[in-house]
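Remarks on the structure that follows.
There are 2 protein chains.
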Amino acid sequence: MEKREKILVAALYLFVEFGFHGTPTSKIAQKAGVANGTLFHYFATKEELIVALYSEVKMQMAAYVMQNSKLENSLKETMKGQYLATLYFSLDNKSEFKYMELFGLSPYISMISEEETEKNKKWIYDLLRKGITDKIIKPLPVDYLLTLMSSHTYGLNQYLIINEFPKAKQHQLINDTFELLWDMIT
Amino acid sequence: MEKREKILVAALYLFVEFGFHGTPTSKIAQKAGVANGTLFHYFATKEELIVALYSEVKMQMAAYVMQNSKLENSLKETMKGQYLATLYFSLDNKSEFKYMELFGLSPYISMISEEETEKNKKWIYDLLRKGITDKIIKPLPVDYLLTLMSSHTYGLNQYLIINEFPKAKQHQLINDTFELLWDMIT
DNA sequence: ACTTTTGTCGACTGATTAGTCAGTTTATAT
DNA sequence: ATATAAACTGACTAATCAGTCGACAAAAGT
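Now the structure itself:
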């Protein structure tokens, strides 16, 4: 593993456990097994590291969701695929998911441009709009629908993390919750 | 205003803006208009201040919700009262609400005992259980139902903060969303 | 072969931090 | 009026932090 990557991995776990300012760069370098100065060779400032880690994790998550939610025939199946992939990613990558939350609440989120934030949403917006046009989905604002769906995903994820169910039960809950959600918006 | 209170208010705004470790105690004291030492007269450590602020805000929120959601006749109206009160509180006290989120994601949350966390939930659990017994609410685990409801509230709050609608529109959205939620769990 | 660029190191520094302390003021009790 | 306690102050300190720097090694280019 490259040193840059080692630094990012170490930073992820430390940030999630101790918070941004609770994690000194020296500890990150130590955990990554590199010298102090090496960290600053790859990331000019601590802030740059924090933001880079966000971009990294976000891309990782987008790639996972993309890969695991192939194009289905019906709108419902497509949306379900997205929903499932997001949840499975967050369950398999708890630290990554928590980092996204942490970053979103932190002042560093303002370092990310508006377009950057909106980029990944466009695809799902189009999907929802098509659903509305086809009279499948209730005629509500798409950003409102997405908010409801996102918070649903977030909430279920929390629930699944707290209650450590066996895989089968998890799977069933995720499916059932999607049906609940789908009924709500259609 | 008492100095203790001034310190808590100053800390709230600074923590929300700059994060826990991004806010030095000296800045808190400065913004509160008290001497450095005075802060440590009221709170032995910075951590104690952070935890005390959480308890304070939580009590404030609980008091607001309690006061603004009087006992209604029907289960639906009671739950709606809770839902509305929570949302109105978060809209009128954005910093307080964000602080709760921040604290919940931080390592300091582990300082709060299990009972402390569960305390305020008991009442709503009983309400949900009764709803299930009376065959009004779907027979799902009560903690699961609460998770769905909480994340709904959280999501709508986010949406309302981003889109600064006029009061009337806000009110309508909150009502409509509750109906969506109610349909989902009944 | 040699020059340049890139990567790596860890000791170092100036600035900042949480928390202390000795002493002063204000409130309360007798 | 006097004594005692509680509130309050700001200068101080030991520790910690983000980031620098000069030396050296490895790759890459010419």
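Going line by line, the protein sequences match chains A and B.
Following the working numbering, the numbering of the first sequence begins with 2 at its first residue and continues without gaps.
Following the working numbering, the numbering of the second sequence begins with 2 at its first residue and continues without gaps.
Just so it is clear, CB atoms sit at the ideal spot from N, CA and C, and this is done for glycine as well.
Distance between residue j and residue i (C-alpha atoms, nearest Å)
i, j, result
"A/I125", "A/P142", "13 Å"
"A/T148", "A/K32", "37 Å"
"A/A30", "B/K28", "29 Å"
"A/E119", "A/K81", "21 Å"
"B/I1", "A/Q61", "The question about residue 1 of chain B has no answer here: the residues shown for chain B are numbered 2 through 187."
"A/L182", "B/H153", "11 Å"
"A/E180", "A/L174", "10 Å"
"A/E115", "B/F44", "40 Å"
"A/T79", "A/N69", "11 Å"
"B/I8", "A/I133", "50 Å"
"B/Q83", "B/S91", "12 Å"
"B/N158", "A/P167", "32 Å"
"A/D127", "A/N121", "11 Å"
"A/Y160", "B/V35", "43 Å"
DSSP state of residue i mapped onto helix, strand, coil
i, result
"A/G132", "helix"
"B/N164", "coil"
"B/F44", "coil"
"B/A36", "coil"
"A/E73", "coil"
"B/F21", "coil"
"B/I137", "coil"
"A/N94", "coil"
"A/M112", "helix"
"B/S152", "helix"
"B/T178", "helix"
"B/M62", "helix"
"A/E1", "Any answer about residue 1 of chain A is impossible in this case: the structure gives chain A only from 2 up to 187."
"A/N158", "helix"
"A/L187", "It should be pointed out that residue 187 of chain A corresponds to Thr in this sequence rather than to Leu. Coil."
"A/D107", "At residue 107 of chain A the sequence reads Ser, which differs from the Asp that was named. Residue state, collapsed to three classes: coil."
"B/M67", "helix"
"A/E3", "coil"
From the options, residue whose alpha carbon lies closest to that of residue i
i, options, result
"B/G20", "B/K47, B/K7, B/E119", "B/K47"
"B/N94", "B/N176, B/V10, B/G82, B/V52", "B/V10"
"B/I138", "B/M67, B/L76, B/T39, B/Y43", "B/L76"
"A/E18", "A/L103, A/A86, A/Y43, A/L50", "A/L103"
"A/F98", "A/K136, A/Y109, A/A63", "A/A63"
"A/L13", "A/L88, A/G38, A/S56, A/K170", "A/S56"
"A/E6", "A/N37, A/T24, A/L54, A/A36", "A/L54"
"A/E3", "A/T26, A/L40, A/M185", "A/L40"
"A/V58", "A/N164, A/M101, A/Y145", "A/M101"
"B/Q1", "B/L85, B/M150, B/L129", "Residue 1 of chain B falls outside the range modelled here, since chain B spans only 2 to 187, and no answer is possible."
Members of the segment 12-30 of chain B that neighbour chain A once the beta carbon cut-off is set at 8 Å: Residues passing the 8 Å Cβ filter: E18, F19, G20, F21, H22, G23.
Under 7 Å (Cβ pairs) to chain A, residues found in the segment 111-139 of chain B: Under the 7 Å Cβ criterion, the segment 111-139 of chain B contributes no residue.
Residues of the segment 148-159 of chain B whose Cβ lies closer than 8 Å to any Cβ of chain A, in chain order: Residues passing the 8 Å Cβ filter: T148, L149, S151, S152, H153, Y155, G156, L157, Q159.
Near-chain A residues of the segment 81-111 of chain B - C-beta to any C-beta below 8 Å: Within the segment 81-111 of chain B, the residues whose Cβ lies closer than 8 Å to some Cβ of chain A are K99, E102, L103, L106, S107, P108, listed in chain order.
Contacting positions in the segment 164-183 of chain B - beta carbon closer than 7 Å to chain A: Taking 7 Å as the Cβ-Cβ cut-off against chain A, the residues of the segment 164-183 of chain B that qualify are L181.
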